[in-house]
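Comments concern the structure below.
2 protein chains.
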Amino acid sequence: MRRKPSQERSRQVVEALIEATAQTIAQRGLAQTTTNHIAARAGVSVGSVYQYFGNKEELVGALLDKLVNDLGQAVDRGLPLLLDADLRTIVRGLLQAGFAFVGGNEKLYLELARNWDQLSTQRFLRTLERHLQEVFRLYALRHYREMHIDNLPVAVFVVTNSMVFTILQYLSLPQAPCTRETLMDELTEMAAGYLQRRAAP
Amino acid sequence: MRRKPSQERSRQVVEALIEATAQTIAQRGLAQTTTNHIAARAGVSVGSVYQYFGNKEELVGALLDKLVNDLGQAVDRGLPLLLDADLRTIVRGLLQAGFAFVGGNEKLYLELARNWDQLSTQRFLRTLERHLQEVFRLYALRHYREMHIDNLPVAVFVVTNSMVFTILQYLSLPQAPCTRETLMDELTEMAAGYLQRRAAP
DNA sequence: GCTTATTATGAATACTTGCTCACGTTCTAC
DNA sequence: GTAGAACGTGAGCAAGTATTCATAATAAGC
């Protein structure tokens, strides 16, 4: 951020720019999103973009920061409700929460996912992994008889990426091969089965 | 393809262009790959590109066609060797074959995967899914006592995408969270466990 | 009210890149 | 050998876009 906004109006401009970035990406795609489009949608001139952001990338980065933050909050909100349930219910709940999170902004998330090479998108996955690792660590502690995974980080890595990318593929398919419910059932089956495998006999 | 090459030299130019496209994408990334770069690497002038390809996209499409073809052949070669083994061995074998296939051109495949939104990349996955569906259909026929999946296409969709994208993520990670062997073990565990779940009692 | 700091503007700049086209070269057929 | 077809060339065009900067408007401090 090139200049730190000190007055109220400038803070509103920054907010409007980030919001406009999200909308423009969702509507036109990241590649077709220009600084002029963003400025126009935010109701300011291009110059204002460079008042607060060094370049286009920083602006998108700021949007990502906001989304990563939202994600963290969403996970933390849903977490305590799940810990008493069994593994299958937890996974199903997490999937449901995931779909709900993407929910209204499906296009935006899909578009961001299409560009997961940009460093920033990776932060999203890392954050998600970190949170999920915490969930399963707590579960493993409570149910140490049913679940004892020697390498939790790797297991979470595998499950997280499998879930996320399969869902993204599903969402970006021109015509779905099954209902959303079916997909969630299958993913739950796969993930829960995998995570529960090493039950102490 | 705008003009069909009839002489030998022009056929060599077309081949050189496709090969140069692969190398340039691997080295500079798809976004930074310009028609001028490709022509230069192929040792011809830009004009020649448009002699045989309507635009840049067609050129990349031709490369994709070649790769999809390679993939099909690779799967077909390895297939008969696997059918007598058990599910776990099959999955492990497929993963091994997958890594071997990507092998030398890791950067190219990674770069293409980063742009999976382009329609063409999807053909790759579809082809893979189709082949794998055939593998598991045959397996299910032989071992109908151990594996009875009511919706094979969906199961294959889930497994394929989970494997492919988890591996791609693994490969694009700056520092790996585990060895390649460990990753394959875990993926095998997850996939084989999932596919075998519905054993008739 | 006056001064100074902050904020907003948008035409102009600088640069990239896909693609064309007029011209030169090589091949083929007779 | 020569005409005509196929092929190759690369400077330059056209279109788009990130970024700047001189100028103007607005707010804050006194």
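If you read the sequences in order, they're chains A and B. Using this note's numbering, read the first sequence as starting at 1 and increasing by one per residue. Using this note's numbering, read the second sequence as starting at 202 and increasing by one per residue. C-beta: ideal position from N, C-alpha, C; glycine also.
- Query: Using a C-beta to C-beta distance shorter than 7 Å, which residues of chain B count as neighbours of N161 of chain A?
  - Reply: F366, T367, Q370
- Message: Please confirm whether F124 of chain A has its beta-carbon closer than 7 Å to some beta-carbon of chain B.
- Response: no
- Message: Strictly below 8 Å CB to CB, what residues from chain A border L272 of chain B?
- Response: Neighbours of L272 of chain B on chain A: none; closest Cβ ~17 Å, over 8 Å.
- Taking Cβ positions, are T166 of chain A and N362 of chain B nearer each other than 7 Å? yes
- Query: Roughly how many whole angstroms lie between the Cα atoms of F124 of chain A and Y109 of chain A?
  - Reply: 11 Å
- Query: Whose C-beta lies closer than 6 Å to the C-beta of A199 of chain A among residues of the same chain, with five residues either side of it excluded?
  - Reply: For A199 of chain A, the predicted structure reports a pLDDT of 41, less than 50, and the residue's modelled location is therefore unreliable. A value from the coordinates is still provided. Excluding residues within five positions, the ones whose Cβ falls inside 6 Å are E146.
- Item | Where F53 of chain A meets chain B, residues with beta-carbon distance less than 8 Å | Result: empty, since nearest Cβ-Cβ is about 21 Å, beyond 8 Å.
- Pull out every residue of the segment 171-186 of chain A whose Cβ sits closer than 8 Å to any Cβ of chain B, in chain order. S172, P177, C178, T182, L183, E186
- Taking C-alpha atoms, which residue in B:T322, B:L313, B:L320 lies nearest to D117 of chain A? B:L313
- Task: Look at A62 of chain A and G78 of chain A and say whether their C-beta atoms are less than 7 Å apart.
- Result: no
- Between F128 of chain A and E181 of chain A, what straight-line distance do the alpha-carbon atoms span, to the nearest angstrom? For the sequence presented, residue 128 of chain A should be read as Leu rather than Phe. Taking the straight line from one Cα to the other gives about 22 Å.
- Item | Reduced DSSP secondary structure (H/G/I, E/B, other) of T234 of chain B | coil
- Task: Give the straight-line distance between the Cα atoms of S321 of chain B and D84 of chain A, rounded to the nearest whole angstrom.
- Result: 45 Å
- Show which residues of chain A have a CB atom less than 7 Å away from the CB atom of A356 of chain B. E186
- Message: With distance defined between alpha-carbon atoms, name the residue in B:R204, B:V245, B:S207 nearest to E220 of chain B.
- Response: B:V245
- Sequence ranges, beta strand (DSSP E) only - wholly within the segment 15-103 of chain A, length at least 3: none
- Query: Under a Cβ-count criterion, where at least 16 other Cβ atoms within 10 Å of its own Cβ denotes burial, should P402 of chain B be classed as buried or exposed?
  - Reply: Only weak support is given to the placement of P402 of chain B: the predicted model assigns it a pLDDT of 37, under 50, and the value that follows is read from those uncertain coordinates. Exposed, by the Cβ-count rule.
- Which whole-angstrom value is the C-beta distance of N306 of chain B and A356 of chain B, which I expect to be below 8 Å? That pair is no contact at about 29 Å.
- Item | Three-way DSSP call (helix, strand, coil) for S207 of chain B in this model | coil
- Message: With a threshold of 6 Å on Cβ separation, who are the neighbours of L168 of chain A within its own chain once the five nearest residues in sequence on each side are excluded?
- Response: A113
- Coarse secondary structure for M190 of chain A, derived from DSSP in three states: helix
- Item | Inter-residue Cα distance where the pair is A241 of chain B and R229 of chain B | 14 Å
- Query: Does any CB atom of chain A fall closer than 7 Å to the CB of D479 of chain B?
  - Reply: Residue 479 of chain B falls outside the range modelled here, since chain B spans only 202 to 402, and no answer is possible.
- Cβ of Y109 of chain A less than 7 Å from any chain B Cβ? no
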